[in-house]
Amino acid sequence: MIENLNKINGLDIKESALDKEDGSTPKLLEISRELQANLKISGSSPLDSVLQAITNILCDASQNEPWWDHVYTLRHYIDWLYIHSINVSIISLMIAEALDLKPQLDDIALGAILHDIGKLAIPKKIVQKPGKLNEEEQFYMRHHCELGLSMTTGCGLSGISVDIIEQHHERLDGSGYPRGLTDAQIPLHARIVLMADVIDAMTSYRPYKKPKQIEDVVGELRREKSKYPQDILEVFRSLLL
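The structure is reproduced here in structure tokens:
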């Protein structure tokens, strides 16, 4: 699969540690501080307490894990997509800690980092397109959850991580994809990451849109009660105070 991705996307996959910076990819601490600024978290940062779980995933020892190549490839694919994956993991862990889900933190962290891994199988020109996607391009993008699920089969991921990869675009009212799940059909860990995904997507840079202020994002998500779990949104909002 890595060889095929090399041919399709022109990637240069090397056998070296992910945490050895090459000068082109932002470091974890740099990413977390930018996220802190975007979310306007001040004082004693709840970000600091969750970075260890993510550091454990990105360390040298993880090279022996069957999912390692996916994380490494993601890092060298598109900078903002890699940063988004880290941000979603950080936000998810902040919420999960507040909900006292400590036994699940490592699985949530890994699932969140890999949640968009299916986009590696989508041409970069679609992922990076600055304008509105046409019908065919939308078709490919809406299948990245299933692609991610297929790509990580046999990687030894927990059920929690698998749920996150597959279900982070589901919505409470059944309007999401790929399965159109509703309410309690979406497990708590997947609901946490779907919220983290939306929050970071709305507050961060994309080639096709400008970032929004966190206050505006919270307001918009509160108005979308039928789609987004308000209990998780309120837990997140409490972390910003």
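Per my numbering, residue 203 is the first one in the sequence shown, and the count goes up by one each step. By construction, the Cβ of each residue, glycine as well, lies at the ideal position given by its N, Cα and C atoms. Just so we're clear, the structure is a prediction, and the values are computed from it rather than from any experiment.
message: Can you give me the C-alpha to C-alpha distance between Glu267 and Gly320, rounded to a whole angstrom?
response: One C-alpha to the other measures close to 18 Å.
query: How long is the line joining the alpha carbons of Lys445 and Arg408, rounded to whole angstroms?
result: Lying outside 203 to 443, the shown extent of the chain, residue 445 is not represented and no answer is given.
Contact check, Asp399 vs His317, beta carbons under 8 Å: yes
task: Confirm, please, whether the CB-CB distance from Met343 to Ala323 is below 8 Å.
output: no
- prompt: Based on Cα-Cα distance, which residue from Val290, Gln265, Gln387 lies nearest to Leu237?
  reply: For the residues Val290, Gln265, Gln387, the minimum Cα distance to Leu237 belongs to Val290.
- prompt: Using a Cβ-Cβ cut-off of 7 Å (strictly less than) and excluding sequence neighbours within five positions of His346, which residues of its own chain qualify?
  reply: Asp318, Gly320, Lys321, Ile324
query: Within 10 angstroms of its Cβ, does Ser428 collect 16 or more other Cβ (buried), or is it exposed?
result: Exposed: under 16 other Cβ atoms inside 10 Å.
Outcome for Ala263 when other beta-carbon atoms lying within 10 angstroms are tallied against a minimum of 16: Burial call: exposed.
query: When the Cα of Ile233 is compared with those of Asp365, Met404, Tyr284, which residue comes out closest?
result: Tyr284
field: Environment of Arg425 [buried if 16+ CB atoms lie within 10 Å]
entry: exposed
query: Between Ile394 and Ser251, is the Cβ-Cβ spacing less than 8 Å?
result: no
- request: Reducing DSSP to helix, strand and coil, say where Pro431 ends up.
  value: coil
query: Can you list the alpha helix (DSSP H) stretches of 4 or more residues lying completely in the segment 303 to 369, in chain order?
result: 307 to 315, 326 to 329, 337 to 343, 346 to 353, 361 to 369, all fully within the segment 303 to 369.
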